[in-house]
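Let me begin by presenting the structure, written as structure tokens, before commenting on it.
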Amino acid sequence: MAIPQQVKRFPRDSWDTVIFTHPPIPQGMLDAKATWAACQASKHWQRAFDDDTNTTTVDDVDFALAVFDVAYHLKDYLLGVALQTNSRITDPDNWRKLTDHLIARAYRIACTSVSARLPQFSLPTLDAVRDFARGAMDCVFEEGVDSWGRLVPCNGYDESRYTDRYMPDPTTLPPRAFTVVNHSLDNDDERLVLLLDHDGNIHDGVFYSVLILELVPVLALDRTKLRPTGCGSRVYPRTLLPAAPADVASLNEPVL
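As numbered in our numbering, residues 21 to 276 make up the sequence shown, in order.
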């Protein structure tokens with residue numbers, strides 16, 4: 021099968037098919053942390069490739085996460101092909117074998133690219149990369165989407181070693197929009213948009229009243245239900261991008 025060059029590019033530079041959970045991401049939410057950190061690692065590798073002064077440093081962890089990012093891209097592309105051709109994988113063990121192959125392929129792609137662009141970098145072994153990539157791939161597995169059946173056992177990875185370094189300091193994050201809808205009103209046409217900090221506190225007591233334009237009432241995000249999902253489960257609320265006060269009304273949207 022001919023795979024588009026963009027899909028097998030190292031480092032990855034397109035994430036159109038990825039739904040990110042934006043920081044702060046709770047400990048234990050391994051799938052969300054893996055995809056976010058891998059994206060940051062890929063961007064870091066691109067900066068290293070573009071840095072003519074050779075002052076941008078990369079290491080084995082950056083490499084492992086960026087390799088996973090390519091393997092994840094390959095996995096999603098092949099899933100799209102399978103959906104179009106009605107050739108879905110029905111057994112989780114076969115899915116794991118396929119993704120083992122994709123991790124190895126992504127590793128070879130990365131080695132070729134790094135050797136050409138950054139020959140002074142000492143390439144880690146495939147086994148060293150798999151220490152993160154296999155566990156991360158298990159964590160992004162979606163039952164009923166990637167294959168039928170449950171993936172057992174689900175291998176994780178060491179968050180403190182691989183992903184925590186890519187998580188921003190929560191105190192540096194801008195406030196986020198949070199919608200509150202009062203469904204007890206006769207006319208469900210108004211909502212409050214609060215700006216919350218990383219601890220869930222209302223930012224400087226600021227809020228905005230916004231008319232609801234949608235026909236279906238907006239679902240409010242309940243922070244009490246934000247719990248780590250662990251491996252093999254990606255059902256959690258989608259958070260909004262950081263917004264400046266002037267942009268809150270335009271960015272506010274249903275949280276699914």
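Even for Gly, the Cβ is constructed at its ideal location relative to N, Cα and C. A quick note: this is a predicted structure, and the numbers were derived from the prediction, not measured.
Measure the alpha-carbon distance for residue i versus residue j and round it to whole angstroms.
{"i": "His-64", "j": "Asp-51", "result": "20 Å"}
{"i": "Asp-80", "j": "Asp-33", "result": "19 Å"}
{"i": "Val-213", "j": "Met-21", "result": "48 Å"}
{"i": "Ser-62", "j": "Val-201", "result": "39 Å"}
{"i": "Asp-217", "j": "Lys-53", "result": "20 Å"}
{"i": "Pro-24", "j": "Asp-70", "result": "23 Å"}
{"i": "Cys-131", "j": "Thr-191", "result": "37 Å"}
{"i": "Asp-158", "j": "Asn-74", "result": "35 Å"}
{"i": "Glu-163", "j": "Asp-72", "result": "44 Å"}
{"i": "Ala-68", "j": "Phe-88", "result": "18 Å"}
{"i": "Arg-247", "j": "Gln-47", "result": "Reliability fails at Arg-247, whose pLDDT of 34 lies under 50, so the model's placement of it is uncertain and no value is given."}
{"i": "Glu-179", "j": "Asn-106", "result": "36 Å"}
{"i": "Arg-150", "j": "Arg-211", "result": "47 Å"}
{"i": "Val-78", "j": "Asp-111", "result": "37 Å"}
{"i": "Thr-199", "j": "Gly-220", "result": "13 Å"}
{"i": "Tyr-97", "j": "Val-27", "result": "7 Å"}
{"i": "Ser-133", "j": "Leu-193", "result": "34 Å"}
{"i": "Gly-155", "j": "Asp-113", "result": "14 Å"}
{"i": "Gln-66", "j": "Thr-119", "result": "24 Å"}
{"i": "Pro-195", "j": "Cys-174", "result": "35 Å"}
{"i": "Asp-189", "j": "Pro-43", "result": "9 Å"}
{"i": "Phe-141", "j": "Thr-76", "result": "12 Å"}
{"i": "Leu-215", "j": "Asp-36", "result": "27 Å"}
{"i": "Arg-185", "j": "Arg-170", "result": "30 Å"}
{"i": "Met-11", "j": "Cys-59", "result": "Residue 11 falls outside the range modelled here, since the chain spans only 21 to 276, and no answer is possible."}
For residue i, does the count of other Cβ atoms within 10 angstroms reach 16, so buried, or fall short, so exposed?
{"i": "Lys-117", "result": "exposed"}
{"i": "Trp-168", "result": "exposed"}
{"i": "His-121", "result": "exposed"}
{"i": "Ile-222", "result": "exposed"}
{"i": "Ile-109", "result": "buried"}
{"i": "Phe-83", "result": "buried"}
{"i": "Ala-197", "result": "buried"}
{"i": "Gly-100", "result": "exposed"}
{"i": "Val-172", "result": "exposed"}
{"i": "Gln-104", "result": "exposed"}
{"i": "Pro-139", "result": "exposed"}
{"i": "Pro-237", "result": "Its pLDDT being 34, under 50, Pro-237 is placed unreliably by the model, and nothing is read from it."}
{"i": "Ala-91", "result": "buried"}
{"i": "Leu-136", "result": "Reading off the sequence, residue 136 comes out as Ala, not Leu. By the neighbour-count rule (16 or more Cβ atoms within 10 Å), Ala-136 is not buried but exposed."}
State the beta-bridge partners of residue i as determined by DSSP.
{"i": "Ile-109", "result": "Ser-167"}
{"i": "Thr-199", "result": "Val-213"}
{"i": "Ile-129", "result": "DSSP output for Ile-129 lists no bridge partner at all."}
{"i": "Ile-222", "result": "Leu-216"}
Can we count residue i as close to the ligand ADP, meaning its CB is less than 6 Å from some heavy atom?
{"i": "Pro-188", "result": "Only the bare structure without any ligand can be found here, which leaves the ligand ADP out of the picture."}
State the CB to CB distance for the pair residue i and residue j, rounded to an integer number of angstroms; the pair is presumed to be in contact (CB under 8 Å).
{"i": "Thr-41", "j": "Val-160", "result": "That pair is no contact at about 12 Å."}
{"i": "Phe-147", "j": "Trp-115", "result": "The amino acid at residue 147 is misidentified as Phe; the sequence shows Asp. Not a contact, Cβ separation roughly 21 Å."}
{"i": "Met-187", "j": "Ile-45", "result": "7 Å"}
{"i": "Leu-94", "j": "Arg-125", "result": "7 Å"}
{"i": "Pro-31", "j": "Ala-86", "result": "5 Å"}
{"i": "Ala-57", "j": "Tyr-182", "result": "7 Å"}
{"i": "Ala-15", "j": "Ile-123", "result": "Nothing about residue 15 can be reported from this structure: the residues present for the chain run from 21 to 276 only."}
As an exercise, report each continuous alpha helix (DSSP H) stretch of at least 4 residues that is fully enclosed by the segment 61–119, in chain order.
The qualifying runs are 80–105.
Ignoring anything shorter than 4 residues or poking outside the segment 138–164, list the alpha helix (DSSP H) runs there in chain order.
Taking only runs of at least 4 residues, the alpha helix (DSSP H) segments lying wholly in the segment 138–164 are 146–159.
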